[in-house]
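In the numbering used here, the protein residues as written are 293 to 359.
See structure below.
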Amino acid sequence: MFKTDSRTHTITLNHRARTYTIRAYENGKLIAKYRSYPQSKEEFSEYWTENDIRNFLRYSGDYYEVK
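Shown next, in the form of structure tokens:
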């Protein structure tokens, strides 16, 4: 679990599909869920920092919101 800005994030990796699911919580309540598009083997990473999450959500167009 990572805290960025005023939100807490969790990341779940799907190794087979090479995707990430990022859940955003505020005050313990789920407020958004995002999923990345499939990544290449070279791009797929298991190691995330708070900065990585922040940059991925702010600047990457490689994800969509799951409803």
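Glycine included, every Cβ here is placed at the ideal spot set by N, Cα and C.
Predicted, not measured: the structure shown is a model, and the values here were computed from it.
In the DSSP assignment, what residue or residues form a beta bridge with residue i?
{"i": "Ser328", "result": "Tyr355"}
{"i": "Asn306", "result": "Thr311"}
Quick one: what's got a C-beta closer than 6 Å to residue i's C-beta in the same chain, skipping five residues either side?
{"i": "Trp340", "result": "Ile303"}
{"i": "Ile323", "result": "Ala316"}
{"i": "Tyr329", "result": "Asp354"}
Can you tell me which of the three DSSP states residue i falls into?
{"i": "Glu318", "result": "strand"}
Can you tell me the Cβ-Cβ gap for residue i and residue j, rounded? I've got them flagged as a contact below 8 Å.
{"i": "Glu334", "j": "Leu305", "result": "Not quite, the Cβ-Cβ distance comes to about 15 Å (not below 8 Å), so this is no contact."}
{"i": "Tyr326", "j": "Tyr356", "result": "7 Å"}
Starting from the C-beta of residue i, find all residues in its chain whose C-beta is less than 7 Å away, skip the five residues before and the five after it, and write them out in chain order.
{"i": "Val358", "result": "Lys325, Tyr326, Arg327"}
Starting from the Cα of residue i, find the closest Cα among the options and give me that residue.
{"i": "Asn319", "options": "Glu342, Thr300, Phe348", "result": "Thr300"}
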